């Protein structure tokens, strides 16, 4: 979500542009906030305003809006008909956390936006490093104040917070008040992706999994060790992978180790910044493209994740793709079920397009969270 934080700032402009319009749905009751209490969640983050016709609505409960365009009338009515909340992404500038005037104005603008567009709440996506406990507490207070303001208007408005994949060791220097945030909001969305952060001084960097289940599990356990109830945790999962260039020439299409260039991120030198994020549908198209030499999908038993080697068409050099598929997602969804978490989520649900043969397994993996034992 890193590149989308600016979108929340753009959304505030919509407040001026979208003074109370008439309900676009034939049934005006659909323009009221959804009056649905706590339930198991499937939150899908959306970055495209036009892909909603391809969504699987069987278990979807919330759509997080991460684009600046207006929400399509058809999407609004379709979502409400299916009992799905629409919530806006909410980025807040950390440097303004002590500015009460700014906070009050920001909350009022967000509330007005939600009311004027017949939507259902906010999803906080603040991903800045915070190491000062005072600032961390101020962020918690912002979320609490926002939640209180929204709930005072309608008890069913939803406020959620995106957090890093592990609550311990200040992952990504996000030393947040996680327990406080869980109490100040309806639930936390744990972003169980972009997890490749290998050491400060690794001499050799290797391509590896984006979202290994063992790390997903340990991260979730660390949240519960803080006293956070499992019913306040949603497991966010990726529908994308990373394309890594392999350094050197001593490779075959069956080689497991792919040495990648070092890439610095917050002091770490082996990170996913060495790769390029690729949508799942594009990955599948690459595998089916006869012009691209590849070694076929392999399975790494240690990280319980798929990968494959291929020859890049432009450079003629070997690359390695790590990604998630229905098999790897199901393993993690089963962890969520076993832990009795609040739910699951996806970044992002616009990556499958209209190919049912590709999308059914991915939707099915997430929907398996709701199966009855």
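Numbering (mature numbering (1 follows the signal peptide of the UniProt record, and there is no 0)), first residue to last: -20 to -1, 1 to 353. Ideal Cβ positions, reconstructed from N, Cα and C, are used throughout, including at glycine. Computed from a predicted model, the values in this text were never measured in an experiment.
The residue among 212, 98, 156 with its C-alpha nearest the C-alpha of residue 13 is 98. In this chain, the alpha helix (DSSP H) harbouring residue 85 covers 80 to 96. A distance below 8 Å separates the beta carbons of residue 68 and residue 45. Each of 278, 208, 240, 161 was checked against the Cα of residue 233, and the nearest Cα belongs to 278. At a Cβ-Cβ threshold of 8 Å, residue 227 and residue 240 count as neighbours.
Distance from the CA atom of residue 220 to the CA atom of residue 173, rounded to whole angstroms, is 9 Å. At the C-beta level, residue 300 and residue 245 stay beyond 8 Å of one another. Your pair residue 61 and residue 10 checks out as a contact, with CB atoms roughly 6 Å apart and the cut at 8 Å. The beta carbons of residue 249 and residue 185 sit closer together than 8 Å.
With fewer than three CB-CB distances shorter than 8 Å, the segment 309 to 319 does not count as touching the segment 262 to 281. In this structure, DSSP gives residue 191 a state outside helix and strand, which the three-state scheme calls coil.
Annotation note: the segment 100 to 141 contains the following uninterrupted alpha helix (DSSP H) runs of length 4 or greater, listed N- to C-terminal: 113 to 133. Note that the segment 195 to 203 does not touch the segment 302 to 309; fewer than 3 beta-carbon pairs, one per stretch, sit closer than 8 Å. The beta carbon of residue 188 sits closer than 7 Å to the beta carbons of 176, 283, 302 from its chain, once the five residues preceding and following it are set aside; these are given in chain order.
In the structure shown, residue 333 adopts coil according to DSSP, grouped into three states. In the assembly as shown, residue 236 is an exposed residue. Its beta-carbon has fewer than 16 other beta-carbons within 10 Å. The Cβ atoms of residue 123 and residue 161 sit closer than 8 Å to each other. Between residue 310 and residue 349, the alpha-carbon positions lie close to 9 Å from each other. Here residue 275 carries a coil assignment [DSSP, helix/strand/coil]. For residue 45, the pairing in a beta bridge is given by DSSP as 26, 68. Where residue 265 is concerned, the enclosing alpha helix (DSSP H) starts and stops at 260 to 268.
Assignment of residue 186 by DSSP, reduced to helix, strand and coil, places it in the strand class. Annotation: residue 74 is outside any alpha helix (DSSP H) and is labelled neither H nor E by DSSP. Leaving aside the five residues that flank residue 30 on each side, the residues in its chain whose CB is nearer than 8 Å to its CB run, in chain order, 52. In this chain, the beta strand (DSSP E) harbouring residue 168 covers 167 to 171.
The Cβ atoms of residue 214 and residue 167 lie closer than 8 Å to each other. CA-CA distance, residue 140 to residue 212, rounds to 10 Å. Taking 8 Å as the cut-off, the beta carbon of residue 119 is found no closer than this to the beta carbon of residue 91. For residue 158, the enclosing alpha helix (DSSP H) starts and ends at 158 to 164. Counting the other CB atoms within 10 Å of its CB gives residue 287 a total of 16 or more, which places it among the buried residues. Counting along the chain, the unbroken beta strand (DSSP E) around residue 225 starts and ends at 220 to 225. Of 83, 201, 116, 127, the smallest CA-CA separation from residue 102 is found for 127.
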